[in-house]
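Working notes, structure below.
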Amino acid sequence: MSGRDNELHPKTSWQDLVGCPNRNWRYLAEGNAHAIFERTDTDGDQVISIPVILRIAKYLKNDNINDTRQDFVSNVLEPNIGKQYLNEPLGHVRLTRGFIADLQQHCVAANKVPALRLSQWTKKPDKDQWSLDAFVHINVARQHRGIVLEITPKCGFLCSSPLVQPEHRIKFRRHRYGLFQELMSNGLLRKGWMSGNCDAPFIPSSYSPLKFFSGEISNVESSMLSLFERPQNNLRIWCNGQIIYGHDKMNLTVKDFEAIQQAILSNVEKAMVFQSLASLVGAILTREPLIQNILKLQKADLIDVDGMVRVYDRLVEICGTQEAAEACINYPFCPEFHIAVGDVCSFIPFSRPDCMHLDELMHEVQKFADALPGQKETNDPFLDEKYEYCLKIVQKLPKESCVWILQGWLISLAMCDLSIMIGVSPGSLDEGDRMQNLESCGSISLEAGVCNYSLKLVDYDPKPSTKLRNRGKQER
60 MSGRDNELHP
70 KTSWQDLVGC
80 PNRNWRYLAE
90 GNAHAIFERT
100 DTDGDQVISI
110 PVILRIAKYL
120 KNDNINDTRQ
130 DFVSNVLEPN
140 IGKQYLNEPL
150 GHVRLTRGFI
160 ADLQQHCVAA
170 NKVPALRLSQ
180 WTKKPDKDQW
190 SLDAFVHINV
200 ARQHRGIVLE
210 ITPKCGFLCS
220 SPLVQPEHRI
230 KFRRHRYGLF
240 QELMSNGLLR
250 KGWMSGNCDA
260 PFIPSSYSPL
270 KFFSGEISNV
280 ESSMLSLFER
290 PQNNLRIWCN
300 GQIIYGHDKM
310 NLTVKDFEAI
320 QQAILSNVEK
330 AMVFQSLASL
340 VGAILTREPL
350 IQNILKLQKA
360 DLIDVDGMVR
370 VYDRLVEICG
380 TQEAAEACIN
390 YPFCPEFHIA
400 VGDVCSFIPF
410 SRPDCMHLDE
420 LMHEVQKFAD
430 ALPGQKETND
440 PFLDEKYEYC
450 LKIVQKLPKE
460 SCVWILQGWL
470 ISLAMCDLSI
480 MIGVSPGSLD
490 EGDRMQNLES
500 CGSISLEAGV
510 CNYSLKLVDY
520 DPKPSTKLRN
530 RGKQER
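The opening residue of the sequence shown carries number 60 in the numbering used here; numbering runs sequentially from there.
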């Protein structure tokens, strides 16, 4: 480990951090890939001067996963998202299998694990697949002295790929989040965050990622109001490290309401507090470049998951095995990358291979995207013709071209799964308006004074190349 990895704080070593009793770690949250634990120091000698979380992958990582992550952050995220928005880990730790087993047992016994995720904690081989390599991060929810909104915005654009299967062409008209809401409403899909009571009625959300990423302040406000109405797993509000509002906690106490009032410098009545909060979030997100930067990398998915499956199959055909194909995926440095206005094929942040078949496919992708708004029917012969033609081009792609396309798809997948932490607190009048930078938070002038804010991304790890497997079956 590096010197930085060996030190969390002058008073606390990494060894002390992971060697402490598991009662000092509290279950905080989890997704499909990671479980998050918060350090709670109540035992005498161990004093953490900064709040931290431990992030453990619920799958065995490759030996080079840390190198892959560093390449992804350095070569993709920092130049295209902005270093000031990344909540990079304080360091990397190597856990013991006994520590993880005790942690799993403690959290399950405390009844903290959602029912739909319990098998990953209790059943073999799932519970033994957790990685020993973990990261320690600053706990953004506890670091900020005001309130913190945690938003998972999802995919902010409509599909426009000619390689979408004919039976999936509803994706040209409906955003993915809305389609998932319909599937959950019809009982065809259940998520890990949902209640264990399968008979409880599911109420769909009207939230639109397209509005959230639109760049228009009124649309961002509208999307935030939809999240406040139906938070599901896409919105939480934190205060002093505690969730005060979310999908399973939707009634603000007087104390929580006053905390929000104080943070956003508002004296509105309780019924209007979310409107004021939505307006502030809209103002912050439309003045900073973060949201548009995320959207640009989301659009690195040029051919949709249906097209990705075809390209992946082509790469496996070339390489001989899935393992050999997946080993080709990396994230190289590309200083000359730039996005061309109006070019849907320019969003992958790597140099495009010199290949006439790839050029032909990208030309067809661009033409299709330009023509798609004029298509009224999903069974139009034009759509069928382009679908079949592009399938033939995919079968001619060489290895380097397949890798380039799949790199973009995995980047987009990571950008569609991340969360944004927005910390808000009162500022001082002499601060004025200021954009967020590496040295300081941002500040914005309101009628009642100045509000400080901090934007940080979390859960933006690169997706493992094994995510390319079996996606066709999952999509169906």
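Cβ coordinates follow ideal geometry from the N, Cα and C atoms, glycine included.
Sequence-distant residues of the same chain with beta carbon closer than 6 Å to residue 205, five excluded per side: Same-chain partners within the cutoff: 322, 483, 484.
Buried or exposed for residue 211, please, with buried defined as at least 16 other CB atoms from any protein chain shown within 10 angstroms of its CB. Flag for residue 211 reads buried.
Margin query: If you measure between the beta carbons of residue 363 and residue 218, is that distance less than 8 Å?
Written below: Yes, the pair counts as a contact, with Cβ atoms nearer than the cut-off.
*asked:* Cutting at 7 Å between CB atoms, please list the residues of its own chain near residue 143, excluding the five before and the five after it.
replied: The beta carbon of residue 143 lies closer than 7 Å to those of 495, 496, 497 in the same chain, with the five residues before and after it left out.
| message | The alpha helix (DSSP H) that contains residue 422, what's its start and end? | response | Run containing residue 422: 415-430, per the alpha helix (DSSP H) assignment.
6 Å Cβ shell around residue 327 - same chain, five flanking residues per side excluded: Only 335 meet the Cβ criterion.
- Task: Thinking residue 524 and residue 442 are a contact (beta carbons under 8 Å), I'd like their distance in whole angstroms, please.
- Result: Contact between residue 524 and residue 442 does not hold, since their C-beta atoms are separated by about 30 Å, which reaches or exceeds 8 Å.
**Study point:** Simplified DSSP state of residue 309, which is helix, strand or coil
**Key:** In the three-state scheme derived from DSSP, where H, G and I count as helix and E and B as strand, residue 309 is classed as coil.
What's the call for residue 367, buried or exposed, on a 16-neighbour Cβ count within 10 Å?
Counting Cβ neighbours within 10 Å, residue 367 comes out buried, since at least 16 surround it.
Q) Should residue 373 go down as buried or exposed, given a rule of 16 or more other Cβ atoms within 10 Å for buried? A) Residue 373 counts as buried, since at least 16 other C-beta atoms from the protein chains shown sit within 10 angstroms of its C-beta.
request  = Consult DSSP for residue 440 and reduce its assignment to one of helix, strand or coil.
outcome  = Three-state result, residue 440: helix.
Under 8 Å between C-beta atoms of residue 478 and residue 518:
Cβ distance < 8 Å, so residue 478 and residue 518 count as in contact.
Notebook entry, point to check: With burial defined as no fewer than 16 other Cβ atoms inside 10 Å of the residue's Cβ, what is the status of residue 522: buried or exposed?
Noted result: Buried.
For residue 482, which residues does DSSP report across the bridge? 207, 513.
- Task: With DSSP collapsed to three states, give me the class of residue 220.
- Result: Residue 220: coil per DSSP, three-state reduction.
Pairwise C-alpha distance: residue 502 and residue 514:
Spanning the two alpha carbons is a distance of roughly 11 Å.
If you follow the alpha helix (DSSP H) that residue 366 is in, where does it begin and where does it stop? Per DSSP, the unbroken alpha helix (DSSP H) holding residue 366 starts and ends at 363-378.
Proximity below 8 Å, CB of residue 357 to CB of residue 475: In this structure, the beta-carbon distance from residue 357 to residue 475 falls below 8 Å.
- Residues bridged to residue 94 (per DSSP): In DSSP, residue 94 forms a bridge with 89, 115.
Checklist entry - Considering residue 193, what are the terminal residues of the beta strand (DSSP E) in which it resides? => result Per DSSP, the continuous beta strand (DSSP E) segment holding residue 193 begins and ends at 192-197.
Less than 8 Å between the C-beta atoms of residue 467 and residue 361, yes or no? Taking C-beta atoms as the reference points, residue 467 and residue 361 count as a pair closer than 8 Å.
*For residue 152: DSSP bridge partner residues*: DSSP lists 193 as the bridge partner or partners of residue 152.
_Where residue 304 falls: helix, strand or coil (DSSP)_ = Residue 304 falls in the strand class under three-state DSSP.
Notebook entry, point to check: With 16 as the cutoff for other CB atoms within 10 Å, does residue 391 come out buried or exposed?
Noted result: The residue is exposed, with fewer than 16 neighbouring Cβ atoms inside 10 Å.
By DSSP, does residue 246 sit in helix, in strand, or in coil? In this structure, residue 246 counts as coil in the three-state DSSP scheme.
task: Taking residue 264 as part of the alpha helix (DSSP H), name the residues at either end of that continuous run.
output: Careful: residue 264 lies outside any alpha helix (DSSP H) and carries neither H nor E.
- Which residues mark the beginning and the end of the beta strand (DSSP E) in which residue 346 is found? Segment 332-346 is the alpha helix (DSSP H) holding residue 346; no beta strand (DSSP E) there.
Nearest by alpha-carbon distance to residue 139: which of 348, 311, 444 is it? Closest in C-alpha terms to residue 139, from the list 348, 311, 444, comes 348.
Distance, residue 145 Cα to residue 102 Cα
Confidence is the limiting factor: at residue 102 the pLDDT is only 44, short of 50, which leaves the residue's position unreliable, though a coordinate-based value still follows. A direct Cα-to-Cα measurement between residue 102 and residue 145 gives close to 31 Å.
Quiz prompt | Rounded separation between residue 500 and residue 152 - CA only | solution = Computed Cα separation, rounded: 28 Å.
* To do: Might you give, ordered along the chain, the residues of its own chain that have their beta carbon closer than 8 Å to the beta carbon of residue 342, omitting 5 neighbours on each side?
  => Within the same chain, residue 342 has close Cβ partners 276, 503.
- DSSP on residue 159, reduced to helix/strand/coil? In this structure, DSSP gives residue 159 a helical state, which the three-state scheme calls helix.
Below 8 Å between beta carbons: does that hold for residue 295 and residue 305? Between residue 295 and residue 305, the gap from beta carbon to beta carbon is short of 8 Å.
* Does DSSP classify residue 237 as helix, strand or coil? -> Looking at residue 237 - three-state DSSP - the assignment turns out to be helix.
Assigned secondary structure, residue 508 (DSSP; H/G/I helix, E/B strand, else coil)
Residue 508: strand per DSSP, three-state reduction.
Check whether the Cβ atoms of residue 189 and residue 116 lie closer than 8 Å to each other. Yes, these two residues count as a Cβ contact at 8 Å.
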